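Residue numbers (our numbering), protein chains in the order written: chain A, -19 to 528; chain B, -19 to 528.
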């Protein structure tokens, strides 16, 4: 027997429509590539998104067609999310930090029909336009008087001119909620990039879950500045969460240095932010150097890669800001777990609470997870057993775009498919997950696993260490042994022996790295994560001292 | 083009399964009809719910079959919610305060297959059993050693004995998320009671929305005591919200007097509660008389009927408790709007903030609303225009069970159906709705509308008034004029003139009641609301002074 409730699909157009109707005058502030600060509100944004949808429709974008973006966080990018997605198309966000060859490959694989870009990325477009014959138009997201021209780009369109041709009488269609709405390729350290194809349903349910008090805890009292890029898994869902809850949005544009971010925080009364650890490193360094304080910032979500415990402490103890440590991935829309204290932790001493907050956290309702060994047997939730992390939920991919890579899922005994995350983790008896490594980065020494991330975090706690990475080096007896690679802080004095001894008493003796190498820079990927593949190449000829 | 995310239906069984898996040791505490305090946890409750589902299945409950309850808030009632709903049946909660004739009518209309009851209600069951031939078994929710016997009840079963026959190997089926899961009849002041038939989908989406920071704001740090009965629109969704977010639950059973509730609050560390104004009146009176304080209570949702502004103030100023004023109805699962401050209100003076919190509040994402005049034309959101309130959303009924009453919806120009709530309201420019009356209670005087609720709230602010109601009395010139009906506080001295003058300067002159009548008691309906129909009967022969 069916229930008798209204049959209303979960659509992203509903999010923006409701925001326009119920939070119409709540501001959206953007630092633009034009150099100024732009202000609109949800009512204004919804009207422009409708006009843009109409214009795209007239330009030939049909159901399921991909509209790509190479863009910073800004109101036009947000308009594109809702216009392309709301009309029945697919917003395909591309990471501009990828190599132009990769970008061209992705544009062609996705068969993007249009590509909108901030003019910062004009050189990329010039490099790829000729190689992307399916793209009918390249849309420069800039005021018409600043419109660039380029003989290398056939079909160069101005965003505002395009939008001007759209009618505000356009009405959002009522779509099947399982229709595709967003496409995001994983950075793919091995093999070709693979696309996660989000649906309206998955995006709306993810936004509901992401806004919950134990997740982002987003509300109409918040002013949210997503430092995490909109080209990076939908800025962790914030372009959907903020209008859903009626929060003011502040988009930082291209300048993500400490000073630029800090100024926006203070000028716009930002209460809430989200980003990867490296961005916060820059911000905290800037603030320390100028002895600055936050006036309004209360919380920040940190994810993308593990947040160093020292950063969590510094935010709290030095700046009074709550860090919500989060874990997710492109294939999870992206949120999986977040670390917030529960009732059970409230009486614990500070140090014990901090330990909880350092973990990647607890699932939000919708996501289930488990850890398994190499034989796919589930491992206990004891906080120490670690195994491959698998997840399932309504906002987890079941396969990649165009079935790239085949069926990624691993079935359990009841026939339910689980997505293998490629992460290695522990889960404690309270359900808190902690990433101990990537499956491919874990160091397998004498039949046991050593977490490279644990060793990196410990090194980062040393006062002389600016950045650190640990990789496994082949060893004749132990199979692999850990090598610590360190970038020193400017003028800091530290040597191999200091760092090796720094591990004493902090980890099991057999976990301590066999050697330390000092470098000027650790290679980072397009999403700010340490590129261990590149490190392994750089140290391909390196031999450990006792294995020389 | 379809998205490629996991195809996982939104099911209430997933809520309990996830709670068992991720919040397994979080407590569920119940004050039982046996007289003791019972403790279990989500893991224990999920196991028993599965055994009960198996037992009900073996007893012949099939897909869509209704299992009714006449029960207080307690763990067994919660088990029934999840067992009957999770297995593919429908949990049909009945208000035991209805007249046995109405209960029998509802049981027969719903074609309930089983009915589970707390033994408090044995007399009701004895009165109706013979009249409800479809009911295959009457399940007494009591320990086996206290099982009653009655020759008036054929098929009397013990709950624990039934459950003992179920296997813990039972697995929750994967249902269509649009399947019916819950049935709740409206009290229906006119015509027959009508059933709202909730689906898994509507219940899960409602729970997500209800837990948001701008709604109930429920989290794993909360200890939730629902005073609002589980027979009253699913205790406003809390039996789904609490396990979804991992909150401890405290069920008060049958004793809802001030002392009993207060003791549970203190013993179990309750942080969060929810109930109708009349319950809180009793609690606050008890606390005042004993000069008591709350040790842990932080927030309470008050709805069901308008919360007197004085109560909101008293909770905050005298007890440090945040009141979240809410509005909803059976047909809305029930939540529609809640009053929380937004960023825009944070700099306002205390008095202005209080005015916001006195309104029924702002929609949560999922619900849209509008106010219309008698010609169905939308009225402006200016905070003063008032009209009939209409709503739509994925947790709003589209029709009643068995199509009772026909199509209740009113279509707009785009063909979208809206549910007419029967309430009269204003909406201000920030989207805050305020109920000014019920459509049938609004007093139509000289072509204009007077809100009976506004007049009642003002009267309740008078120190000598214990309770107040305002009804329209026929008037030869003005069509209707307001009559104030008052219950005095014990030993309070107040007369007609005092109360009439009390309105001076607080409302427009033509709103002031023409007369005051003092009574010992104001008749309340089964859900604690003032029974205006009964009042109108009682004052059928009354004539206003100047219309005599």
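Built from N, CA and C at the ideal position, the CB exists for glycine as well. All values derive from a computational prediction rather than experimental measurement.
- Excluding the 5 residues flanking it on each side, residue 240(A) has same chain C-beta neighbours closer than 8 Å at 11, 232, in chain order.
- For residue 154(B), the secondary structure class from DSSP, reduced to helix, strand or coil, is coil.
- For residue 343(B), the residues of chain A that pass the 8 Å Cβ criterion are -2, 2, in the order they occur in the chain.
- Here the alpha carbon of residue 492(A) sits roughly 54 Å from the alpha carbon of residue 60(B).
- Residues of the stretch 91 to 115 of chain A that bring their beta carbon within less than 8 Å of a beta carbon in chain B are absent altogether.
- Distance from the CA atom of residue 289(B) to the CA atom of residue 340(A), rounded to whole angstroms, is 43 Å.
- The stretch 110 to 117 of chain B and the stretch 65 to 74 of chain B do not touch, with fewer than three beta-carbon pairs separated by less than 8 Å.
- Contact with chain B is found for residue -14(A), since one of that chain's Cβ atoms lies less than 7 Å from the residue's Cβ.
- No Cβ of chain A is located within less than 7 Å of the beta carbon of residue 327(B).
- By the Cβ criterion, the stretch 499 to 518 of chain A is not in contact with the stretch 154 to 165 of chain B, since fewer than three pairs of Cβ atoms, one from each stretch, lie closer than 8 Å.
- With fewer than 16 other Cβ atoms inside 10 Å of its own Cβ, residue 362(B) counts as exposed.
- Its chain contains 207, 259 as the residues whose beta carbon lies nearer than 7 Å to that of residue 236(A), once the 5 sequence neighbours on both sides are disregarded; these appear in chain order.
- In this structure, residue -15(B) and residue 374(A) form a Cβ contact; the two beta carbons are roughly 7 Å apart against a cut-off of 8 Å.
- For residue 311(B) against residue 377(B), the beta-carbon gap comes to about 4 Å, under 8 Å, which counts as contact.
- Rounded to the nearest whole angstrom, the CA to CA distance from residue 130(A) to residue 136(A) is 8 Å.
- Using a Cβ-Cβ distance cut-off of 8 Å, the stretch 441 to 461 of chain B and the stretch 414 to 432 of chain B are in contact, since at least three pairs of beta carbons, one from each stretch, lie closer than that value.
- Below the 7 Å Cβ cutoff, chain B contributes -16 as neighbours of residue 379(A), in chain order.
- Interface annotation for the stretch 130 to 161 of chain A against chain B: 151, 156, 158, 159, 160, 161, criterion Cβ-Cβ distance under 8 Å.
- Here the alpha carbon of residue 315(B) sits roughly 10 Å from the alpha carbon of residue 213(B).
- Collapsing the DSSP output to three states places residue 89(A) in a helix.
- Contact between residue 230(B) and residue 218(B) is ruled out by a C-beta separation of about 11 Å, above the 8 Å threshold.
- Look at residue 200(A): its C-beta is under 7 Å from a C-beta on chain B.
- In terms of beta-carbon proximity, residue 376(A) lines the interface with chain B, with at least one pair separated by less than 7 Å.
- By the beta-carbon neighbour count (other beta carbons within 10 angstroms, threshold 16), residue 330(A) is exposed.
- Counting the other Cβ atoms within 10 Å of the Cβ of residue 128(B) gives fewer than 16, which makes it exposed.
- Contact residues of the stretch 404 to 433 of chain B toward chain A are 409, 410, 411 (C-beta to C-beta distance below 9 Å).
- Within the stretch 212 to 270 of chain A, the complete beta strand (DSSP E) runs of at least 3 residues fall at 228 to 231, 252 to 255.
- Excluding residues up to 5 positions away in sequence, 443, 444, 445, 446 lie with their Cβ nearer than 8 Å to the Cβ of residue 469(A) in the same chain.
- What residue 66(A) touches in chain B, judged by beta-carbon distance under 8 Å, is nothing: the nearest beta carbon there is about 15 Å away.
- For residue 186(A), the secondary structure class from DSSP, reduced to helix, strand or coil, is helix.
- Relative to the Cα of residue 308(A), the nearest Cα in the group 454(A), 347(A), 198(A) belongs to 347(A).
- Contact between residue 301(A) and residue 280(A) holds: their C-beta atoms lie close to 6 Å from each other, under 8 Å.
- Leaving aside the five residues that flank residue 34(A) on each side, the residues in its chain whose CB is nearer than 7 Å to its CB run, in chain order, 146, 147, 150.
- Note: residue -18(B) is bridge-paired with 159(A) in the DSSP secondary-structure output.
- Rounded to the nearest whole angstrom, the C-alpha separation of residue 122(A) and residue 54(A) is 11 Å.
- Membership of residue 292(B) in any beta strand (DSSP E) is not indicated; the residue belongs instead to the alpha helix (DSSP H) covering 289 to 293.
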